[in-house]
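Heads up: the sequence shown begins at 1 in full-length UniProt numbering, then just goes up one per residue. Quick notes on the structure that follows.
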Amino acid sequence: MYDTQTSNPIYISKPGPLPENTTTQAPTSPIDKFENGQWVADLATALGQKYAEINAWRNA
(Lines of atoms letter the chains of each structure in order from A and count residues from 1; the text may use other names and numbers.)
(Lines give C-alpha, C1' and ligand atoms only; values in the text may rest on other atoms or scores of the structure.)
Protein backbone atom coordinates (compact mmCIF):
# COMPACT_ATOMS: atom_id res chain seq x y z
CA MET A 1 0.00 0.00 0.00
CA TYR A 2 1.16 3.50 -0.80
CA ASP A 3 -0.04 6.93 0.30
CA THR A 4 -1.22 8.77 -2.82
CA GLN A 5 -0.30 12.17 -1.38
CA THR A 6 3.25 11.44 -0.18
CA SER A 7 4.03 8.25 -2.20
CA ASN A 8 5.37 6.68 1.00
CA PRO A 9 4.69 3.00 1.67
CA ILE A 10 2.03 2.26 4.29
CA TYR A 11 1.93 -0.83 6.48
CA ILE A 12 -1.58 -2.17 7.16
CA SER A 13 -1.55 -4.19 10.39
CA LYS A 14 -5.27 -4.93 10.95
CA PRO A 15 -8.14 -6.12 8.81
CA GLY A 16 -10.78 -3.58 7.93
CA PRO A 17 -11.43 -0.81 5.47
CA LEU A 18 -8.40 0.70 3.80
CA PRO A 19 -7.43 4.25 4.70
CA GLU A 20 -8.33 6.99 2.24
CA ASN A 21 -5.69 8.20 -0.20
CA THR A 22 -4.04 4.79 -0.58
CA THR A 23 -3.27 2.56 -3.54
CA THR A 24 -1.64 -0.80 -4.14
CA GLN A 25 0.28 0.60 -7.11
CA ALA A 26 3.90 1.52 -6.39
CA PRO A 27 5.21 4.81 -7.78
CA THR A 28 7.75 4.24 -10.55
CA SER A 29 10.06 7.16 -9.68
CA PRO A 30 10.67 9.65 -6.87
CA ILE A 31 9.02 12.45 -8.88
CA ASP A 32 5.71 10.64 -9.46
CA LYS A 33 2.39 12.05 -8.29
CA PHE A 34 -0.95 10.24 -8.20
CA GLU A 35 -3.47 11.54 -10.75
CA ASN A 36 -6.64 9.95 -12.14
CA GLY A 37 -5.95 6.59 -10.50
CA GLN A 38 -2.32 6.20 -11.58
CA TRP A 39 1.17 7.49 -10.89
CA VAL A 40 2.47 10.00 -13.45
CA ALA A 41 5.76 11.87 -13.65
CA ASP A 42 5.57 15.38 -12.20
CA LEU A 43 7.68 17.28 -14.72
CA ALA A 44 7.65 20.50 -12.68
CA THR A 45 9.22 18.65 -9.75
CA ALA A 46 11.80 17.03 -12.04
CA LEU A 47 12.72 20.40 -13.52
CA GLY A 48 13.05 21.97 -10.07
CA GLN A 49 15.31 19.13 -8.91
CA LYS A 50 17.50 19.48 -12.00
CA TYR A 51 17.85 23.25 -11.48
CA ALA A 52 18.83 22.63 -7.85
CA GLU A 53 21.49 20.11 -8.95
CA ILE A 54 22.90 22.53 -11.52
CA ASN A 55 23.01 25.41 -9.04
CA ALA A 56 24.67 23.23 -6.39
CA TRP A 57 27.31 22.14 -8.92
CA ARG A 58 27.83 25.71 -10.10
CA ASN A 59 28.22 27.03 -6.54
CA ALA A 60 30.59 24.26 -5.42
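Virtual Cβ for every residue (Gly too), placed ideally from N, Cα, C.
Use the C-beta contact count for residue i: other C-beta atoms within 10 angstroms, 16 or more gives buried, fewer gives exposed.
i     : result
Tyr11 : exposed
Ala51 : Per the sequence presented here, residue 51 reads as Tyr, with Ala not at that position. Tyr51 should be labelled exposed.
For residue i, I'd like the list of residues in its chain whose CB is within less than 8 Å of its CB, leaving aside the five on either flank, ordered along the chain.
i     : result
Asp32 : Ser7, Trp39, Val40, Ala41, Asp42
Taking the alpha helix (DSSP H) that residue i belongs to, which residues open and close that run?
i     : result
Lys50 : 43–59
Taking residue i as part of the beta strand (DSSP E), name the residues at either end of that continuous run.
i     : result
Lys33 : 32–35
So, using beta-carbon positions, are residue i and residue j closer together than 8 Å?
i    : j     : result
Met1 : Thr24 : yes
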